[in-house]
Amino acid sequence: SSMSLRPICFLFLFRTSSSLLQGKIERSIHLAKTTRRNMGINTQSESQRTNYDTVGKKGEYTRHDSKHRQKASDGDEDALLPAEAGRYHLHISLACPWANGILAALYLKGLEDVISYSTVHPTWGKTKPDDPKDEHRGWVYRSPGDEPLANGFGYGSFVCDDALIPDTITNAKTVRQVYNDCGDDVGPYTTPLLYDKKASRIVSNESMDILPMINSKFNHLAKNPDVNLYPDDEELAKELEELNATLIYPKINNGVYRCGFATSQQAYDIAVSELFEALEIVETKLSKQRYLGGDKFTWLDLRLFETLIRFDPVYITYFKANKKRIADYPNLLAFCRDIYSMEDIKRTVNMDHIKMHYFTSHPKLNPYGIIPAYDGPDLTAPHDRLNF
């Protein structure tokens, strides 16, 4: 009878509903893990392969320490890593502030014919596309005119432009492949990466080591050996080191990432407060002098510049660093325009790559890969900082 069928029907519907719910839960868990990987945040059981994957118990973002840290020796043929022409190769992302600063230093020193380099596509892609179980996404190489890339969720069409330079040294298709071929199967697989062609090994993936190497170790081969980003004045050098360690790096360079990759309101609130307090301090400092170290352009100005030019077009939106714009700080903006007026630095700034990377590489933050229109304030306007 219909009465006797009701319990059976109810049980069937209950089991069906439970199965559907369980399926949704499992898919949600899988999606959460996938989005965390695409964003660069791995689950505890997975290898840590990007530099965006460490989040503390309170939701605070902590960057990995670089683990490849050898150094070239100037002009010494008997050294383990002699500074010789044609021996070294740089893997560069024009979007990455750390890598882009290295490229700028390469041009400032006139070493682009001594140390070769390749540039990756700004959108992270699958680094092992032939392995369906490996979902890691990171820096990939493409040639100009190749098929456009999509983001990790399959959205968007991100062009392969003329700024791309494939790796013709190792013929690697991804930066991860270079690390793997050198025995590093864990990562993070970051740029910049300085590679020894002769020994087929990684020299360094730490920009703070590579920058002084480029500054002084290859002077006998440089077109501009007199360019010196590290002051000889010991007192000034110490002042800059301290300023970097206490303010510029933790609260500004890395501060924007601490805002963007925080996973709790508390962690974000701390990071964003420290970021804008630091910007106010630097704004005041630059109201009295042309550069962070006085009247001389140094490595620390370069590293600050690389963050500031990304701030308005990317960080105020993407990383929620939106208390103020750099355009609202007259001295910070003029500082950016002053440095941008240096031709060797201007030629390395690629706003298309900068915006494309951030807005397309972490789909959890921007699922459809929409790239906003704003490029930030006009960097070509007069800076009026010659009077300092």
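Per this note's numbering, the sequence shown starts with residue 36, numbered consecutively.
Beta carbons: idealized from backbone N, C-alpha and C, even for Gly.
Keep in mind that this is a model prediction, so the values were computed, not measured.
- Would you call the CB atoms of I374 and F340 closer than 8 Å? As a first step, residue 374 must be located in the sequence shown, where it is residue number 339. As a first step, residue 340 must be located in the sequence shown, where it is residue number 305. Yes, the pair counts as a contact, with Cβ atoms nearer than the cut-off.
- Counting pairs of beta carbons, one from the segment 286-302 and one from the segment 349-366, are three or more of them closer than 8 Å? Three or more pairs of CB atoms, one per stretch, sit closer than 8 Å, so the segment 286-302 contacts the segment 349-366.
- Message: Please classify T206 as buried or exposed, where buried requires at least 16 other C-beta atoms within 10 Å of its C-beta.
- Response: The residue given as residue 206 occupies position 171 in the sequence shown. In the sequence as presented, Thr is not what sits at residue 206; that position holds Asn. N206 counts as exposed, since fewer than 16 other beta carbons sit within 10 angstroms of its beta carbon.
- How about P117 and H388: are their beta carbons less than 8 Å apart? As a first step, residue 117 is located in the sequence shown; it is residue number 82 there, counting from the start. As a first step, residue 388 is located in the sequence shown; it is residue number 353 there, counting from the start. Result no, Cβ atoms of P117 and H388 do not sit closer than 8 Å.
- Message: Using 8 Å as the cut-off, can you tell me whether the segment 174-192 makes contact with the segment 370-384, which would need three or more C-beta pairs spanning the two stretches below that distance?
- Response: A contact between stretches requires three or more CB pairs, one per stretch, nearer than 8 Å, and the segment 174-192 fails this requirement with the segment 370-384.
- Specify the secondary structure class of I60 as computed by DSSP and reduced to three states. Counting from one through the sequence shown, the residue named residue 60 turns up at place 25. With a pLDDT of 39 at I60, under the threshold of 50, the modelled position of this residue cannot be trusted; read the value that follows with caution. Helix at I60.
- Message: At the level of alpha carbons, what is the spacing between E269 and H171?
- Response: Here residue 269 refers to the residue found at position 234 when the sequence shown is read from its first residue. Here residue 171 refers to the residue found at position 136 when the sequence shown is read from its first residue. Put simply, the backbone Cα of E269 is about 44 Å away from that of H171.
- Query: Are the beta-carbon atoms of P179 and D197 separated by less than 8 Å?
  - Reply: Looking up residue 179 in the sequence shown gives position 144. Looking up residue 197 in the sequence shown gives position 162. Contact: yes.
- Exposed unless 16 or more other CB atoms sit within 10 angstroms - verdict on S235: Taking the first residue of the sequence shown as 1, we reach residue 235 at position 200. Under this definition S235 is an exposed residue.
- Thinking W174 and V210 are a contact (beta carbons under 8 Å), I'd like their distance in whole angstroms, please. In the sequence shown, residue 174 corresponds to position 139, counting from 1. In the sequence shown, residue 210 corresponds to position 175, counting from 1. Here W174 really is in contact with V210; their C-beta atoms are around 4 Å apart, less than 8 Å.
- Query: When you compare each of Y326, A272, H397, T226 to Y190 by their alpha carbons, which one comes out closest?
  - Reply: The sequence position of residue 190 within the sequence shown is 155, counting from 1. When Y326, A272, H397, T226 are compared, the shortest CA-CA separation from Y190 is found for H397.
- Item | For V30, the three-state DSSP class (helix, strand or coil) | Not covered by the structure: residue 30. The range shown for the chain is 36 to 423.
- Quick one: grab the DSSP three-state call for Y350. Your numbering for residue 350 matches position 315 in the sequence shown. Correct three-state label for Y350: helix.
- Would A140 pass as a contact of L343 if the rule is Cβ separation under 8 Å? To locate residue 140, count along the sequence shown from 1; it is residue 105. To locate residue 343, count along the sequence shown from 1; it is residue 308. No, the pair does not count as a contact, with Cβ atoms beyond the cut-off.
- Task: Check each candidate in D267, T415, A257, I305 and name the one with the smallest Cα separation from K331.
- Result: Against the sequence shown, residue 331 aligns to sequence position 296. Cα-wise, what sits closest to K331 is D267.
- Item | Identity of the residues DSSP links to K161 by a beta bridge | Within the sequence shown, numbered from 1, the residue matching residue 161 stands at position 126. Paired residues: R172.
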